[in-house]
Amino acid sequence: MSDQLRLHGFNNLTSSLSFNIYDICYAQTEEQRTAYIDYIDELYNAERLTQILKDVTNIIGAHVLNIARQDYEPHGASVTILIAEHELEETDPAQTEPGPGPLPETVVGHLDKSHVTVHTYPESHPDNGISTFRLDIDVSTCGMISPLKALNYLIHSFDSDIVTMDYRVRGFTRDVDGKKLFIDHDITSIQDYLAEDTKCAYQMVDVNVYQENMFHTKMLLKDFELDNYLFGTSRRELTFEEATNIESRLRREMLEIFYSRNFD
18 MSDQLRLHGF
28 NNLTSSLSFN
38 IYDICYAQTE
48 EQRTAYIDYI
58 DELYNAERLT
68 QILKDVTNII
78 GAHVLNIARQ
88 DYEPHGASVT
98 ILIAEHELEE
108 TDPAQTEPGP
118 GPLPETVVGH
128 LDKSHVTVHT
138 YPESHPDNGI
148 STFRLDIDVS
158 TCGMISPLKA
168 LNYLIHSFDS
178 DIVTMDYRVR
188 GFTRDVDGKK
198 LFIDHDITSI
208 QDYLAEDTKC
218 AYQMVDVNVY
228 QENMFHTKML
238 LKDFELDNYL
248 FGTSRRELTF
258 EEATNIESRL
268 RREMLEIFYS
278 RNFD
């Protein structure tokens, strides 16, 4: 839909993006596992997450109505921002056409009483030394601009081994002739909105249901350097057998999360 759509009244479509990242780590001792979770809690505390969501708000062209944030005991954090529209007479085509968004740069769009939220979930297994950090971000918008424009910034804001993304458009709006529009922009894949460096760095799989305006993409980091996954130790402190065993367990953990099933 390259031509400007002429709508009857306000655009009532709701576009929602769910963005999930997983960071995997090996922490051998109980002290190392505790230190890793403390490190994650400090790195992604409510204050920093609030700033990230404020940047997302700028990218999608909204302004903040209200912020609620909370750090939890013993670990984890949540932030919710209620946002409102910036009314525009014209929309820049770059805001709605497929392509990576800014990193970051203010982009002005047309939104209405929407929200962005983030929740963190640090987790550690007491037996096998694997620790996993999951972060969930949801961006829901109404209007001309897609929340997919925030993806480029979000992916570059976190060290992510695995990323899962769900995008869906709900509701309908009408053109001036009364015809219902159940989506107001062209999209073949979430990958259309990813930068080239991201596409090169990750293995990607799509599961899309075009007739329902539902799009799913998951990504697995291609490069694996063991030292990047060791917390409190390094590869040179391990024997060859230890390093091989740990790498095998880490790779299995990543594949199980990527494919959403246990490998027996």
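Residues 18 to 281 (our numbering) make up the sequence shown, in order. Quick reminder that beta carbons are idealized off the backbone N, C-alpha and C, glycines included.
Sub-8 angstroms separation of residue i and residue j beta-carbons
{"i": "I77", "j": "I98", "result": "no"}
{"i": "T181", "j": "N37", "result": "yes"}
{"i": "A101", "j": "R86", "result": "no"}
{"i": "G249", "j": "A52", "result": "yes"}
{"i": "V73", "j": "L171", "result": "yes"}
{"i": "S135", "j": "I147", "result": "Sequence check: residue 135 is Val here, not Ser. It is not a contact, given that the beta carbons lie outside the stated cut-off."}
{"i": "L243", "j": "A260", "result": "yes"}
{"i": "T31", "j": "C159", "result": "yes"}
{"i": "Y61", "j": "T137", "result": "yes"}
{"i": "L34", "j": "Y184", "result": "yes"}
{"i": "H92", "j": "D58", "result": "yes"}
{"i": "K239", "j": "Q220", "result": "yes"}
{"i": "T190", "j": "D201", "result": "yes"}
{"i": "V186", "j": "V156", "result": "no"}
{"i": "S206", "j": "N230", "result": "no"}
{"i": "Y39", "j": "T149", "result": "yes"}
{"i": "R287", "j": "N145", "result": "One cannot answer for residue 287 here, as it falls past the ends of the chain, which runs 18 to 281."}
Residue i, DSSP secondary structure in three states
{"i": "K197", "result": "strand"}
{"i": "L70", "result": "helix"}
{"i": "F150", "result": "strand"}
{"i": "L34", "result": "strand"}
{"i": "D55", "result": "helix"}
{"i": "L256", "result": "The residue you asked about is not Leu; residue 256 is Thr in the sequence shown. Coil."}
{"i": "I179", "result": "strand"}
{"i": "T338", "result": "With the chain represented from 18 up to 281, any question about residue 338 goes unanswered, as that position is not in the structure."}
{"i": "H92", "result": "coil"}
{"i": "S141", "result": "strand"}
{"i": "L267", "result": "helix"}
{"i": "F275", "result": "helix"}
Which residues DSSP lists as bridging residue i, in chain order
{"i": "A85", "result": "T97"}
{"i": "R50", "result": "Bridge partners of R50: none, in fact."}
{"i": "D155", "result": "S35 and T134"}
{"i": "Y184", "result": "L34 and F232"}
{"i": "Y43", "result": "I147 and L247"}
{"i": "H173", "result": "H173 is not bridged to any residue."}
Runs of alpha helix (DSSP H) wholly within the region 200–248 (minimum 4 residues, chain order): Along the length of the region 200–248, whole alpha helix (DSSP H) runs at least 4 residues long occupy 213–218, reported in chain order.
Sufficient close CB pairs (3 or more, under 8 angstroms) joining the region 39–57 to the region 135–148: Result yes; three or more Cβ-Cβ pairs closer than 8 angstroms.
Cβ contact (3+ pairs, closer than 8 angstroms) linking the region 259–278 and the region 168–180: A contact exists between the region 259–278 and the region 168–180.
contact_flag[the region 233–240, the region 208–218] where n(CB pairs < 8 angstroms) is 3 or more: Touching, per the Cβ criterion.
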